[in-house]
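Read through the structure below, which is laid out as C-alpha cells, and then see the notes.
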Amino acid sequence: TGKSQTIANLIAAALHQGLSVLFVAEKKAALEVVRSRLDHTGLGDFCLELHSHKTQKGQLHADIGRRIKKTFKDACALDYVINDLTCERDRLIAYSTLVNSHVGPSGETIYDIFWAAERCRTELKGQCPRFCVNKALLLTREQINERINLLQDVARLRLDLSEDAIRAWRDFRPGNILPGDEALVADLFTAIQSQVEQYRHHLKQCVDDVTWPLAFTFDHFRRLRHTHRDVLQEYPGDFLQTLAEHFIDPANIESVEGLGSAIAEHRELLRVADIVSRAVAPEVNSAKVLPIADASSQLESLGYGDRNVRELAALANELREAATILSQLIDAAITVEDFFAAPPIELGQYEQIVDLNRVMDSTPAVIKDKCHPEYMQEETIATFHTAHDTCEALKSNLAAYSQTILFRYLPDRTALADLARNLRSFRGSFFAIFSSQYRAVRRTIKGFLVEPKSFGAPDLVERLECLVDTLTAIDAIRTEQKYSKSLGPLYSGLETDWGKLEESILWGQELAKVVGSQAKAYSLAPRIAQITPIVASAAKKVRDTLRELTPFLASLNLAPDATTGETLSRLMKDQDRLEETTKPILTYPPLISIDITSIASAAQSFLAADHLQASLDDDRYRRLLGSEYRRLETDTSNILNTAQWVGALNERGRLPRELVSWLVSAETRTRRDLLENFLAANEVFWGSAMPLQQVLPVMEKY
2 TGKSQTIANL IAAALHQGLS VLFVAEKKAA LEVVRSRLDH TGLGDFCLEL HSHKTQKGQL
62 HADIGRRIKK TFKDACALDY VINDLTCERD RLIAYSTLVN SHVGPSGETI YDIFWAAERC
122 RTELKGQCPR FCVNKALLLT REQINERINL LQDVARLRLD LSEDAIRAWR DFRPGNILPG
182 DEALVADLFT AIQSQVEQYR HHLKQCVDDV TWPLAFTFDH FRRLRHTHRD VLQEYPGDFL
242 QTLAEHFIDP ANIESVEGLG SAIAEHRELL RVADIVSRAV APEVNSAKVL PIADASSQLE
302 SLGYGDRNVR ELAALANELR EAATILSQLI DAAITVEDFF AAPPIELGQY EQIVDLNRVM
362 DSTPAVIKDK CHPEYMQEET IATFHTAHDT CEALKSNLAA YSQTILFRYL PDRTALADLA
422 RNLRSFRGSF FAIFSSQYRA VRRTIKGFLV EPKSFGAPDL VERLECLVDT LTAIDAIRTE
482 QKYSKSLGPL YSGLETDWGK LEESILWGQE LAKVVGSQAK AYSLAPRIAQ ITPIVASAAK
542 KVRDTLRELT PFLASLNLAP DATTGETLSR LMKDQDRLEE TTKPILTYPP LISIDITSIA
602 SAAQSFLAAD HLQASLDDDR YRRLLGSEYR RLETDTSNIL NTAQWVGALN ERGRLPRELV
662 SWLVSAETRT RRDLLENFLA ANEVFWGSAM PLQQVLPVME KY
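Heads up, the sequence shown is in this note's numbering, so the first residue is 2 and it goes up one at a time.
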C-alpha cells in the first residue's frame with residue numbers, strides 16, 4: 002500500500018544503498034505506475050519485469066543486455082546540482098529571515114511593512130503619489146501620525162482652492178519679496194507684455210510674407226519654440242511631390258513600410274521555394290505545388306523529414322517484404338496454435354514455439370515410445386520425492402540385514418513369517434530340541450544366515466519379524482496405487498531407475514510450463530511422437546523469421562504489446578500510406594533525391610509567396626501610390642524616403658500640422674527654404690526675449 006511516488010522513492014533509496022528490491026503488486030497497473038515513475042527518474046534500466054506467466058526468457062535476456070550495454074552520466078555532476086539547490090535554499094531561508102526581522106523604532110517586521118504599503122496602494126486605486134521620506138525607518142509611530150495629520154490638513158486646503166487658482170500658481174516657486182518690490186514686479190510684467198506683442202507682430206509679418214495658414218495660439222508658440230530645423234535639411238533628393246501630402250497621415254506611412262516588407266518577404270520566400278519551382282517548371286502555380294506541400298507535410302509529420310523519396314520508396318519495399326514474411330510467420334504459428342493453452346498473438350510470444358521445440362528435442366528416450374500424461378501435473382513432482390524418500394528408507398533398512406542374512410537363500414515373505422512365528426512358539430521350551438518341527442525350522446533358518454551360530458541370538462525372532470515387516474512394506478510400495486498412477490510404468494518400487502524417472506517428470510513439468518497449462522500438456526502427452534516434427538518445422542520458421550524481422554520492426558516503434566495481426570496491419574497500412582503519399586513528389590524527378598523537410602519548406606514558401614502576392618493586389622495601394630504602384634515591382638525605396646521625411650517633420654521636427662501640409666503640398670524645395678529662414682529668425686528672436694522665456698512655461702498651461 003502507499004502512494005506510487007513514495008514507493009518509487011523507497012526503491013530509489015534502496016538502490017542507492019546497493020540493495021536489490023522485489024516489488025510485488027496484485028494488479029499489473031500498480032507495477033506499471035511505479036515502473037513509469039522509475040523510468041522518468043532514469044532508474045528504469047535497473048528494473049526487470051518478472052510478473053505473470055507471460056514473462057519471456059528472451060525478453061529478460063534483452064533487458065539485462067540493455068542494462069549491461071547502457072552508459073550513464075557521471076553521478077558527480079549531481080553534486081553540483083545539489084550544491085546549487087542548497088545555495089538556493091539558503092538564499093530563500095535568508096530572505097525569509099530578513100523579511101521577518103523587526104526594524105525601526107516601532108519594531109514592525111519588514112513583511113508587515115510591505116503588506117501595509119501594498120494595502121495602501123490598493124485603497125488609493127492606482128493614484129499613488131510618489132514622494133520620498135528621508136530616514137523613514139528611524140521615524141516612530143507618533144512621528145508618522147504627525148505627518149499623516151499634516152497631509153490631511155493640506156488635503157483640506159486643496160479642496161478649498163479653485164482649479165483656476167491652482168493652475169495659475171502651479172510650478173511657481175516664490176522668493177522673498179521686500180517692501181517696495183511691487184514696482185519691480187509690475188515693470189517685469191510690462192516687459193513681458195511688450196515682448197509678447199513684438200512676437201505676435203513678428204509672426205504676422207512672417208506669415209504674410211510666405212502666405213501660410215497659421216493661427217496665433219500659445220500651442221503654436223510652444224511648437225515653434227521647440228522646432229528642430231535640422232529635419233528640413235534631410236530633404237530627400239528623390240522626393241516624390243505627387244505622393245508627399247498622403248504621408249501626413251502616419252497610417253499611410255505604415256502602409257508603405259508594410260508594402261516594402263511584404264515585397265522583401267516575397268522575394269525571400271521565392272528564394273526558399275526555388276527547388277520546387279525549378280522542379281515544377283516551366284508552368285509553376287499553386288495547383289501543382291499544393292499536392293507536393295500536402296504530401297511532404299504528411300511525410301514530415303510521420304517522422305520521415307530527414308529522408309528523401311528514393312529512400313522512402315525503398316522503405317515501402319521493405320515494409321512489403323516484412324509484411325510477406327510476417328504473414329508466413331503467422332501461417333507457421335497457426336499449425337501449432339492448438340498445442341498452446343493461449344496461442345501466441347504478440348511477436349514476443351512467438352519465442353514459445355522455439356521453446357516448445359527445445360522441449361521436444363530434449364524428450365527423454367524412455368518417453369519417446371510412451372509418455373505418461375501424469376508427468377505434466379504439478380503435484381507429480383511432490384509424489385516423486387515422497388516415493389523416492391520412502392524407497393530409499395526401505396532400501397537402507399534392508400541393507401542393514403545384509404551382514405547377517407543371505408538374501409539369495411531367503412524364502413518368500415509368507416514362509417519367513419511362518420518361520421518367525423514357529424520359532425517364537427518354541428522359545429523357552431527345553432524340550433523343543435526333541436521336536437522334528439523345531440529341527441526343521443532351525444535347519445531352514447540356518448540356511449540363510451551368514452553365521453549359522455547366530456541362530457542362538459536372543460533377538461533373532463524380533464529381527465526376523467522386522468525383516469518380514471520391511472519385506473511387506475517393500476511389496477506394498479511396489480504396488481501402491483497412488484505411486485503407480487502418478488509415476489507410471491517407469492516406477493517399480495525399489496528397482497525404479499530414479500534418475501530416468503525424475504528426468505521424465507521434469508521434462509513433463511517444462512512442457513506444461515511452455516504450453517501454458519497442465520491440461521494442454523496432458524492432452525499432448527499421448528501425441529508427442531506425432532507433433533514433434535510439426536513443432537520443429539514451425540520453430541525453424543519462427544526462428545529464421547524473428548532473426549530477420551526483429552531489427553526492422555524495432556525501428557518502427559511498435560507498441561510492445563502489439564499483436565502480430567496488428568503489426569501486419571501496421572506494416573501494410575504504412576506501406577500503402579507511403580506509396581500513396583509519395584506519388585505527388587515522384588511525379589517530379591528532380592525532387593526524388595531531396596530530403597522531405599527541404600521539399601516541405603520550399604513548397605510551403607511558394608504557397609505563402611503566392612498568397613502574399615494575391616494580398617498585394619489591393620486597391621488601397623493603387624489609391625495611395627497611383628502610378629508608382631507596380632505590385633511586386635514597386636520601387637519602395639524612393640517612396641519610403643519621401644514618407645519617412647514627411648513623418649520626421651511631424652515627429653522630430655515638431656512642426657504644426659498646418660505647416661507640414663503647406664510645406665509638402667506644392668513647391669516643397671522652395672517652401673522648405675522659406676520655412677528654414679523663418680525658423681532661423683524665430684530662434685534669433687527667442688534668444689533675445691529673456692523675460693518672455695521665463696514666463697512662457699506658465700503661459701503655455703492656458
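Where is the CB? At the ideal position from N, CA and C, for every residue including glycine.
Small disclaimer: the values here were computed from a predicted structure and weren't measured.
Asked, Found
"Spatial neighbours of HIS360 in its chain, beta-carbon cut-off 6 Å, leaving aside the 5 residues before and after", "The displayed chain sequence assigns Val, not His, to residue 360. Within the same chain, VAL360 has close Cβ partners GLU511, LEU512, VAL515."
"Rounded separation between LYS29 and THR583 - CA only", "42 Å"
"Separation of THR87 from LEU20, as counted between CA atoms", "27 Å"
"Contact belief for VAL35 with ALA9 at Cβ below 8 Å, rounded distance in angstroms", "6 Å"
"Proximal residues to MET487 (C-beta, below 6 Å), its chain only, five neighbours per side dropped", "Residue 487 is actually Ser in this sequence, not Met. Same-chain partners within the cutoff: GLU375, THR381, THR384."
"Reduced DSSP secondary structure (H/G/I, E/B, other) of HIS103", "strand"
"Range of the contiguous alpha helix (DSSP H) that encloses ASP332", "310-335"
"Among LYS447, GLU481, PRO365, PHE340, the one whose alpha carbon lies nearest that of ALA388", "GLU481"
"Candidates ASN678, GLY517, ARG655: closest to HIS227 by CA position", "ARG655"
"Nearest-angstrom Cα separation, counted from LEU152 out to ASP161", "15 Å"
"As assigned by DSSP and simplified to three states, the class of ILE83", "helix"
"Coarse secondary structure for LYS702, derived from DSSP in three states", "Because LYS702 sits at a pLDDT of 45, beneath the cut-off of 50, its placement in the model cannot be relied upon, and the point is left open."
"Whole-number beta carbon distance between PRO585 and ILE293, since they are thought to touch under 8 Å", "5 Å"
"For LEU507 and GLN18, the rounded distance between their alpha carbons", "39 Å"
"Member of LEU313, GLN350, TYR439 whose CA lies at the smallest distance from the CA of SER426", "TYR439"
"Residue range of the alpha helix (DSSP H) that includes ARG428", "From DSSP, ARG428 is part of no alpha helix (DSSP H); its letter is neither H nor E."
"The stretch 273-292 touching the stretch 593-613, judged by at least three CB pairs closer than 8 Å", "yes"
"The stretch 563-573 touching the stretch 326-340, judged by at least three CB pairs closer than 8 Å", "yes"
"Where THR149 sits in the DSSP three-state scheme", "As written in the sequence, residue 149 is Ile, which differs from the Thr given in the question. Residue state, collapsed to three classes: helix."
"Start-to-end residues for the alpha helix (DSSP H) that takes in ASN639", "637-652"
"Spatial neighbours of ALA644 in its chain, beta-carbon cut-off 6 Å, leaving aside the 5 residues before and after", "PHE248, ILE254, VAL257"
"Sub-8 Å separation of LEU465 and LEU417 beta-carbons", "yes"
"Top-ranked residue by Cα proximity to ASN683, from ALA95, ARG230, VAL100", "ARG230"
"Residues sharing a beta bridge with LEU450, DSSP", "ILE406"
"Those residues which DSSP pairs with ASP596 across a bridge", "ASN309"
"Residue environment, GLN350, which counts as buried when at least 16 other CB atoms sit within 10 Å", "buried"
"Alpha-carbon to alpha-carbon, ALA366 and PRO344", "28 Å"
"For THR564: DSSP bridge partner residues", "GLU347"
"Selection from GLN194, PHE115, ARG544 that minimises the alpha carbon distance to LEU138", "PHE115"
"Identified DSSP bridge partners for THR110", "HIS103"
"Pair within 8 Å by beta-carbon distance, ARG428 and VAL462", "yes"
"Buried or exposed (CB count within 10 angstroms, at least 16 for buried), PHE408", "exposed"
"Endpoints, alpha helix (DSSP H) assigned at LYS483", "482-488"
"6 Å CB neighbourhood of ALA539 in its chain, flanking five on each side removed", "ALA333, THR336, VAL337, ILE354"
"Buried versus exposed, by CB contacts within 10 Å (16 or more), SER37", "exposed"
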